[in-house]
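Protein sequences appear in the order of chains A and B.
Using this note's numbering, you'd call the opening residue of the first sequence number 1 and step up by one each time.
Using this note's numbering, you'd call the opening residue of the second sequence number 185 and step up by one each time.
Even for Gly, the Cβ is constructed at its ideal location relative to N, Cα and C.
Since this is a predicted model, take the numbers as computed values, not measurements.
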Amino acid sequence: MTQGDSDATLVGRVLGGDVDAFGGLVARHRERGMRFAAAMLGDAADAEEALQDAFVRAYRSLRTCREPARFDAWFMRILVNRCRTRGAMRGRAARLFVSDESAVERAAARPGGDPDWREEIDRALARLDAMQREAFVLKHVEGLEYEEMARLTGARVPALKMRVKRACDRLRVLLREVDDARIR
Amino acid sequence: MRESADDPLIARVAEELRRPVAVRPGFDERVMAAVRRPVDHLPVRAWTWLREPRTLAVSPLGGLAMAAGLAALLVVGTWRPGSETGPSGALGDAPAGAAQAASADAASLVTFVLLEPRAGAVTLAGDFNGWDAARTPLRRESSGIWTIDVPLRPGRYRYAFVVDGRRFVADPAAPRAVGDDFGQPTSVVTVGGAARAAGGLL
Numbered sequence: 001m002t003q004g005d006s007d008a009t010l011v012g013r014v015l016g017g018d019v020d021a022f023g024g025l026v027a028r029h030r031e032r033g034m035r036f037a038a039a040m041l042g043d044a045a046d047a048e049e050a051l052q053d054a055f056v057r058a059y060r061s062l063r064t065c066r067e068p069a070r071f072d073a074w075f076m077r078i079l080v081n082r083c084r085t086r087g088a089m090r091g092r093a094a095r096l097f098v099s100d101e102s103a104v105e106r107a108a109a110r111p112g113g114d115p116d117w118r119e120e121i122d123r124a125l126a127r128l129d130a131m132q133r134e135a136f137v138l139k140h141v142e143g144l145e146y147e148e149m150a151r152l153t154g155a156r157v158p159a160l161k162m163r164v165k166r167a168c169d170r171l172r173v174l175l176r177e178v179d180d181a182r183i184r
Numbered sequence: 185m186r187e188s189a190d191d192p193l194i195a196r197v198a199e200e201l202r203r204p205v206a207v208r209p210g211f212d213e214r215v216m217a218a219v220r221r222p223v224d225h226l227p228v229r230a231w232t233w234l235r236e237p238r239t240l241a242v243s244p245l246g247g248l249a250m251a252a253g254l255a256a257l258l259v260v261g262t263w264r265p266g267s268e269t270g271p272s273g274a275l276g277d278a279p280a281g282a283a284q285a286a287s288a289d290a291a292s293l294v295t296f297v298l299l300e301p302r303a304g305a306v307t308l309a310g311d312f313n314g315w316d317a318a319r320t321p322l323r324r325e326s327s328g329i330w331t332i333d334v335p336l337r338p339g340r341y342r343y344a345f346v347v348d349g350r351r352f353v354a355d356p357a358a359p360r361a362v363g364d365d366f367g368q369p370t371s372v373v374t375v376g377g378a379a380r381a382a383g384g385l386l
């Protein structure tokens, strides 16, 4: 069983040759990873591919995880990079396009959510600078402290604060009208 | 603790983005199947490839580099790590666990070279550094030649140069990756433990 084991224990078991123990890490960190990747990439299928890729890369370089108790932070760094790469590889036009199919899939996957509102958010996020989007999601969605964000992204705290501020300013401009109409 | 957004609009955006996003059924199984898939190690094929006589088509940039006595890829020695990361922070993608090959720590030092006189910065992104374009910067030498030595464990790696942080450039003197999953030009280097050679031009 892996359910009750700590991340450090699971990492130790994987490094000891118990490949199945990695499944415990996947199950534990899947939801947060998917949420982050979906916010970053704006497309569920892309997010899932980035997440799977991140898990595989994490497995293959697991012995470089110096603090197994902090597997979550280490894995997030890999996922952030996967999302950066995947986002950079796609054309900006593609990022701006949120397909109906994707929106429908997400609506089905998130009972209680508002698909139209989410789609507007995805469109607005897609129009942000990639680094601003990343900083915003890490700060306001993942709830990280700036110091942790700095460790994760390699950027300095003042730069991250500026990115978050600019992202918020831009989102206000892009979403104010939609939000007003929605809550009226 | 999650920092609350002062602006209600931003708070509503964050709340929506925090909703769980489901993965398709069977996600965990697909990850574990990918994890169990052996890494594509092709040292024998690399050695065979190097020994076979062949005609190679080289781009003007690659030809210029070779004319200058440069090889875009050179395996210059074996690097035995004292720690888990190499001098440039590059990592071989050797599988974790007991199945890890005993020779996995015998990394070869591979020199990557790109001629880009007009570039302000050149980095390397590849399978060996998680495609993180910020982790492996090249040094600018004279005449616009950019270079870096990267310790790589035996294996097959896809990579590309990243010029000025945004333009992906395949190595003009290395085989192009087949079935590239990024839609951008990428190259392949194969580092074989026995052959100690890469799939580049020597």
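Practice item. Could you name the residues of the same chain whose beta carbon sits closer than 7 angstroms to that of Trp-315 of chain B, not counting the 5 residues immediately before and after it, in chain order? Key: For Trp-315 of chain B, where only same-chain residues beyond five positions count, the Cβ hits under 7 angstroms are Ala-309.
Practice item. Taking Glu-49 of chain A as the reference, give the member of A:Met-34, A:Ala-124, A:Arg-70 and A:Arg-63 with the closest Cα. Key: A:Met-34
Check your understanding: What residue range is occupied by the uninterrupted beta strand (DSSP E) comprising Phe-345 of chain B?
Key -> 339 to 347
**Study point:** Short CB-CB distance (under 8 angstroms) between Ile-194 of chain B and chain A
**Key:** Chain A, which has a Cβ nearer than 8 angstroms to the Cβ of Ile-194 of chain B, makes this yes.
Practice item. Name the residue from A:Lys-165, A:Val-56 and A:Arg-127 whose alpha carbon lies nearest to the alpha carbon of Arg-82 of chain A. Key: A:Val-56
Check your understanding: Which word fits Pro-158 of chain A, buried or exposed, when buried means at least 16 other C-beta atoms lie within 10 angstroms of its C-beta?
Key -> exposed
Review point. Where does Ser-6 of chain A sit, in a helix, a strand or coil, going by DSSP?
Key: Shown here, Ser-6 of chain A sits in coil according to DSSP, grouped into three states, outside any helix or strand.
Review point. Grouping DSSP H, G and I as helix and E and B as strand, with all else coil, what is Gly-314 of chain B?
Key: Residue state, collapsed to three classes: coil.
Review point. If you follow the beta strand (DSSP E) that Leu-144 of chain A is part of, which residue opens it and which one closes it?
Key: Looking at the DSSP string, Leu-144 of chain A is not in any beta strand (DSSP E), and its letter there is neither H nor E.
Review point. Do the segment 36 to 43 of chain A and the segment 124 to 139 of chain A make contact, defined as three or more Cβ pairs closer than 8 angstroms?
Key: yes
Exercise for review: Compile a chain-ordered list of the residues in the segment 311 to 322 of chain B whose CB is closer than 9 angstroms to at least one CB of chain A.
Suggested key: Of all residues in the segment 311 to 322 of chain B, Asp-311, Asn-313, Gly-314, Trp-315, Asp-316, Ala-317, Ala-318 and Arg-319 have a Cβ within less than 9 angstroms of some Cβ in chain A.
Practice item. Less than 8 angstroms between the CB atoms is what I'm expecting for Asp-190 of chain B and Arg-172 of chain A, so what's the real figure, rounded? Key: At roughly 11 angstroms, the Cβ-Cβ gap does not stay under 8 angstroms, so Asp-190 of chain B and Arg-172 of chain A are not in contact.
Practice item. Put Asp-18 of chain A into one of helix, strand or coil per three-state DSSP. Key: coil
Point to revise | Proximity test, Cβ basis, 8 angstroms: Arg-351 of chain B and chain A | key: no
Point to revise | Ser-327 of chain B in three-state terms, based on DSSP | key: helix
Practice item. Could you name the residues of chain A that Phe-211 of chain B contacts, counting a contact when the two beta carbons are closer than 9 angstroms? Key: Val-26, Arg-30, Met-34, Glu-48, Leu-51 and Gln-52, listed in chain order.
Review point. Just the Cα atoms here: how many angstroms apart are Glu-199 of chain B and Arg-350 of chain B?
Key: 32 angstroms
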